[in-house]
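*Asks:* Attaching a single structure in structure tokens format; questions to follow.
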């Protein structure tokens with residue numbers, strides 16, 4: 016056999032390899048690639064880890080490679096990442112920037128920004144221009160003057176202060192609130208940082224135009240138009256409207272028509288699916304629904320500065336009050352459940368009571384001066400239900416430093432939980448309606464049992480509430496005090512912020528029962544569970560289909576409208 020000759024390496028071949036094999040060159044290139052990717056990962060996970068907290072923490076996808084050293088390096092990086100970062104991906108929410116802004120302590124408006132929708136004028140200003148059509152009986156044009164405060168009141172009898180008093184219509188909150196919003200110090204045009212979104216729709220003025228003599232299509236038209244407009248806006252999509260709020264200076268029953276028959280009362284704004292997501296601030300809310308919230312009726316006093324309020328409070332503290340109790344009102348003979356007849360009888364039987372009867376032509380009940388003078392002269396002011404749960408008189412009496420006496424929890428305690436203390440015994444007296452209806456209680460004797468020291472403390476509590484139950488002049492700004500507008504806006508912000516955090520943490524109350532809405536409003540902070548309550552009998556819905564609560568409320572709203580329009584004429 017022939018021997019195989021040894022393979023010789025030529026000089027040329029040596030030059031190509033320079034003593035190194037091709038495998039070594041591949042390793043060198045792989046190392047360079049590894050270093051490159053190392054710096055990419057270092058920048059991403061070290062530098063960018065300080066980015067805002069709402070950045071997604073989903074795993075980064077890397078390009079595939081067949082190089083073993085690179086695969087090994089990536090595997091090590093991924094292991095380190097898994098130990099330093101949370102594995103489950105955090106969900107991103109479109110409102111997270113707003114929550115982040117709220118945590119910025121250097122921003123005085125952090126967590127307080129309000130975005131206001133720029134609505135077409137048909138939803139607000141056009142109504143004011145056509146103000147003569149806002150009421151069938153009353154020329155509302157004078158009441159929409161002065162930014163919604165109405166004409167100034169003369170202080171001929173010395174009952175008022177020299178400035179800040181107006182003949183304000185009790186249904187004018189729509190325009191007063193909207194004008195106050197224009198002076199709000201934390202407005203923003205960037206909805207992504209807004210704590211809440213305001214809808215300046217004059218819902219109360221809208222329905223007032225069409226309550227009498229119009230079919231349901233006309234009554235519903237503006238409400239349907241509004242929600243259609245809102246749902247097309249990008250701001251709506253952030254929370255489906257759950258961060259939106261609007262104001263209506265009317266009782267809730269004007270917006271809760273139960274049927275689509277023309278004879279039924281009001282419109283169905285608050286029953287529209289979109290409106291159920293929004294918060295509607297009304298002067299009387301429903302105890303059984305979750306999308307409306309009670310705010311005070313406007314009084315006659317609209318201070319322009321803090322000193323106006325302080326001077327008025329001092330004056331109310333120092334007044335001599337010669338009447339033990341007083342009542343301004345009329346009987347309701349058409350309402351078998353009304354206790355006004357019994358209250359009138361008790362008042363007439365004693366010299367301790369001052370009475371202003373309101374059902375005999377041009378009575379003094381229609382005079383702001385007469386009403387306020389009586390309240391200023393009384394220790395206690397009786398506030399039974401009107402045609403519905405509430406009445407403006409309750410706020411007029413408190414403005415006068417008079418301790419209110421309520422006979423139904425729906426007249427104040429479950430209504431104005433944002434503005435009045437939960438401990439109602441500190442500022443008011445509660446006498447259940449049944450005790451009056453069955454003649455079990457003498458109002459005079461009940462009030463005389465309260466010691467002078469307790470009366471003094473209760474009156475001071477009422478006087479201290481004055482700033483939070485009046486609406487400041489929209490053309491000015493209080494310096495340190497919070498008025499009814501400020502309290503309402505902050506309450507809305509708190510509600511929306513709480514909801515956003517619950518959504519992020521997936522802890523919304525899945526057991527919420529809307530029919531118990533009035534109970535939830537009374538819960539202490541942090542509690543979610545409601546049970547039996549001493550006031551259940553006051554809010555139990557009739558089981559008889561012929562006397563359901565909705566139709567009764569509609570009748571109450573209709574009667575209220577008739578009586579109040581008569582009073583304003």
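Numbering (my numbering), first residue to last: 16 to 584.
We treat Cβ as the ideally placed atom computed from N, Cα and C, and that holds for glycine.
#1: Give a yes or no on contact between the region 510-523 and the region 104-113, applying the rule of three or more CB pairs nearer than 8 Å.
#2: Would you tell me roughly how many angstroms separate the C-alpha atoms of residue 536 and residue 167, rounded to the nearest one?
#3: Taking the C-alpha atoms as reference points, what is the distance between residue 1 and residue 276?
#4: In the DSSP assignment, what are the bridge partners of residue 203?
#5: Looking only at its own chain, which residues have a Cβ that is under 6 Å from the Cβ of residue 200, when we skip the five neighbours before and after it?
#6: Which whole-angstrom value is the C-beta distance of residue 408 and residue 398, which I expect to be below 8 Å?
#7: Which parts of the region 193-272 are runs of the alpha helix (DSSP H), unbroken and 4 residues or longer, counting only runs that do not cross its ends?
#8: Taking a contact to mean a Cβ-Cβ separation below 8 Å, would you say residue 305 touches residue 242 in this structure?
#9: Can you have a look at residue 529 and say buried or exposed, based on whether 16 or more other CB atoms are within 10 angstroms of its CB?
#10: Taking the C-alpha atoms as reference points, what is the distance between residue 360 and residue 381?
#11: Specify the secondary structure class of residue 438 as computed by DSSP and reduced to three states.
#12: Under 6 Å Cβ to Cβ from residue 356, same chain only, skipping five residues before and after it: list those, please.
#13: DSSP three-state call for residue 369: helix, strand or coil?
#14: For residue 282, I'd like the list of residues in its chain whose CB is within less than 7 Å of its CB, leaving aside the five on either flank, ordered along the chain.
#15: Counting C-beta neighbours from all protein chains within 10 Å, is the total for residue 472 16 or more, i.e. buried, or is it exposed?
#16: Going by beta carbon distance, what residues of the same chain come within less than 7 Å of residue 474, once the five residues before and after it are set aside?
#17: Nearest to residue 226 by alpha carbon, out of 265, 479 and 514?
#18: How about residue 122 and residue 129: do their beta carbons lie closer than 8 Å?
#19: Which term fits residue 388, buried or exposed, when burial requires 16 or more other beta carbons within 10 angstroms of its beta carbon?
#20: Give the single residue among 353, 212, 484 and 152 whose Cα lies nearest to the Cα of residue 126.
#21: Check the DSSP bridge columns for residue 418 and list the partner residues they point to.
#22: Is the region 444-451 close to the region 155-162, with three or more CB pairs under 8 Å?
#23: Within 8 Å, do at least three Cβ pairs link the region 243-256 to the region 190-204?
#24: Please decide whether residue 196 counts as near chain D, where near means a Cβ-Cβ distance under 8 Å.
#25: Do residue 309 and residue 430 have their CB atoms nearer than 8 Å?
*Replies:* According to the structure data:
#1: yes
#2: 36 Å
#3: The chain is shown from 16 up to 584; residue 1 falls before or after that span and cannot be answered.
#4: 130
#5: none
#6: 6 Å
#7: 218-225, 231-246 and 249-254
#8: no
#9: exposed
#10: 22 Å
#11: coil
#12: 346
#13: strand
#14: 222, 234, 235, 238, 270 and 272
#15: exposed
#16: 416 and 418
#17: 265
#18: no
#19: buried
#20: 212
#21: 395
#22: no
#23: no
#24: Structure shown: chain D not included; a single protein chain is present.
#25: yes
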